[in-house]
Amino acid sequence: MKNKLTATFSQSFQSGEFIRVGENRNLSLFVGKDEKGNYAFDFRGSYIPVRIAQSDVITVQQGKSGEDYILRFSLCNNELLEYFSTFCQDLLDSTEYTKNDEDAYKTLCSRYFSWKKLFRPNKSGMNDNEVMGLIGELLFMQDYMIPHYGVDTALDSWMGPEKTHKDYSTGSIWYEIKAISVGKDSIKISSLEQLDGDDDGVLAVYCLEKMSPSFCGIKLNGLVQSLMAKMKTVQNREIFLSKLSMYDYDFSPEYDNFVFANVGFSMYCIGDDFPRLCRKNTPNAINKIQYEIFLSELEKYKL
Numbered sequence: 012m013k014n015k016l017t018a019t020f021s022q023s024f025q026s027g028e029f030i031r032v033g034e035n036r037n038l039s040l041f042v043g044k045d046e047k048g049n050y051a052f053d054f055r056g057s058y059i060p061v062r063i064a065q066s067d068v069i070t071v072q073q074g075k076s077g078e079d080y081i082l083r084f085s086l087c088n089n090e091l092l093e094y095f096s097t098f099c100q101d102l103l104d105s106t107e108y109t110k111n112d113e114d115a116y117k118t119l120c121s122r123y124f125s126w127k128k129l130f131r132p133n134k135s136g137m138n139d140n141e142v143m144g145l146i147g148e149l150l151f152m153q154d155y156m157i158p159h160y161g162v163d164t165a166l167d168s169w170m171g172p173e174k175t176h177k178d179y180s181t182g183s184i185w186y187e188i189k190a191i192s193v194g195k196d197s198i199k200i201s202s203l204e205q206l207d208g209d210d211d212g213v214l215a216v217y218c219l220e221k222m223s224p225s226f227c228g229i230k231l232n233g234l235v236q237s238l239m240a241k242m243k244t245v246q247n248r249e250i251f252l253s254k255l256s257m258y259d260y261d262f263s264p265e266y267d268n269f270v271f272a273n274v275g276f277s278m279y280c281i282g283d284d285f286p287r288l289c290r291k292n293t294p295n296a297i298n299k300i301q302y303e304i305f306l307s308e309l310e311k312y313k314l
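What follows is the structure, encoded as structure tokens:
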């Protein structure tokens with residue numbers, strides 16, 4: 012999902028050429044290309060600089076020009092320009108109402124530290140199944156949780172990154188999300204507690220078909236960007252980035268090779284008579300259980 016800065020960066024900048032951006036006239040914020048020809052974001056103002064560690068992808072430069080200091084974030088990998096544009100848009104949004112340079116500098120540094128851990132190119136740590144699982148959780152946030160509960164509750168209820176037994180839980184209801192490949196007739200339950208609970212729950216199942224990289228389908232990086240655009244507030248973006256970082260997720264271009272089509276979605280009510288294993292009916296001597304449930308046997312529980 013492209014933002015306004017993606018189009019701005021697509022202009023033919025010369026090395027060392029910048030243009031001013033943002034609606035906040037109290038601050039001097041610029042985008043363009045640095046002297047090495049890398050896409051860059053500049054903040055120029057009066058503040059006391061501190062030492063900032065660079066990431067693998069974004070270099071950080073600080074220097075002085077006349078009476079002002081310059082804080083510059085430069086992108087080293089052009090394959091990540093679209094995500095760098097999202098990062099820069101977040102910097103603009105976060106300082107939209109900031110009135111002085113010192114506060115702006117602190118905010119920009121804070122936002123950079125939050126994004127830094129997601130800019131680790133070519134170090135993708137998730138396999139096909141893990142990518143599908145995260146896509147399922149994010150699709151459910153986008154398609155169901157945010158429309159039904161709002162962004163704040165959707166984020167607070169998202170427990171998947173924290174490795175709890177339920178992917179989402181709010182009030183007296185919980186949701187477990189599964190993403191399966193086309194043609195698979197069952198879902199795997201990885202623990203005894205996954206579908207166990209005193210309160211009723213919901214099992215949500217996405218059926219995803221893996222497509223070629225050139226197909227215009229669901230990509231993990233694009234889904235993250237789309238959800239970032241829905242976060243609205245700095246606090247929500249901070250929570251979202253923090254939870255994403257609990258996975259082995261980063262903005263690696265390799266994830267764009269994992270492209271899926273959503274060919275089916277179903278939700279099932281989990282109550283007392285739902286076919287599941289529960290701790291109260293399992294001998295204490297049994298420690299771990301994994302099992303599979305045939306989807307064809309769940310029709311009467313479908314919502």
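One point on numbering: in our numbering, the residue at position 211 of the sequence shown is 222, and numbering is uninterrupted.
Built from N, CA and C at the ideal position, the CB exists for glycine as well.
If residue i and residue j are in contact, beta carbons under 8 angstroms, what's the gap, nearest whole angstrom?
i    : j    : result
Y266 : K221 : Not confirmed; about 13 angstroms, so no contact.
L214 : Y155 : That pair is no contact at about 13 angstroms.
T106 : L91  : At roughly 22 angstroms, the Cβ-Cβ gap does not stay under 8 angstroms, so T106 and L91 are not in contact.
K254 : W185 : No, K254 and W185 are not in contact; Cβ-Cβ is about 17 angstroms, not under 8 angstroms.
S183 : D210 : 5 angstroms
N273 : Y217 : 6 angstroms
In whole angstroms, give me the CA-to-CA distance for residue i and residue j.
i    : j    : result
N49  : G171 : 36 angstroms
M239 : I59  : 30 angstroms
F52  : D79  : 16 angstroms
I198 : N295 : 25 angstroms
I297 : T181 : 30 angstroms
A64  : Q72  : 10 angstroms
L38  : S57  : 10 angstroms
Q205 : N138 : 22 angstroms
N35  : E28  : 21 angstroms
E141 : N111 : 44 angstroms
D114 : L40  : 14 angstroms
D284 : L314 : 15 angstroms
S225 : G194 : 22 angstroms
Y123 : V61  : 13 angstroms
T164 : K291 : 30 angstroms
Out of the options, state which residue places its alpha-carbon closest to the alpha-carbon of residue i.
i    : options                : result
L252 : L103, W126, D45        : W126
C289 : C227, S256, I200       : I200
I157 : R122, K243, K117, D101 : K243
D45  : R287, S26, A190        : S26
T33  : D104, F20, G77, C218   : Looking at the sequence provided, one finds Gly at residue 33 rather than Thr. The shortest Cα separation from G33 among D104, F20, G77, C218 belongs to D104.
K8   : C227, S277, F95        : No information on residue 8 is available, as it lies outside the stretch 12 to 314 that the chain covers here.
S256 : T118, K47, E173, F98   : E173
Y232 : D261, K15, G208, N89   : Checking the sequence shown, residue 232 turns out to be Asn, not Tyr. Ranking D261, K15, G208, N89 by Cα distance to N232 puts D261 first.
D207 : S225, F226, K75, T175  : T175
D101 : T293, N247, P264       : N247
S263 : V245, K128, T164       : K128
S66  : F84, K75, N89          : F84
Determine, using beta carbons only, whether residue i and residue j come nearer to each other than 7 angstroms.
i    : j    : result
G136 : D259 : yes
V42  : F130 : no
D196 : L306 : yes
I300 : G212 : no
L166 : I250 : yes
L234 : F271 : no
D121 : F20  : Here residue 121 is Ser; the residue named in the question, Asp, does not match the sequence. No, the pair does not count as a contact, with Cβ atoms beyond the cut-off.
A190 : G144 : yes
Starting from the C-beta of residue i, find all residues in its chain whose C-beta is less than 6 angstroms away, skip the five residues before and the five after it, and write them out in chain order.
i    : result
I188 : G147, E148, F151, D178, A215
L82  : F54, Q73
Whose C-beta lies closer than 8 angstroms to the C-beta of residue i among residues of the same chain, with five residues either side of it excluded?
i    : result
P241 : Looking at the sequence shown, residue 241 is not Pro but Lys. Same-chain partners within the cutoff: Q153, I157, V162.
T109 : N35, N37, L38, A115, T118
R287 : I200, L206, D207, I281, I304
S202 : H176, K299, I300, Q301
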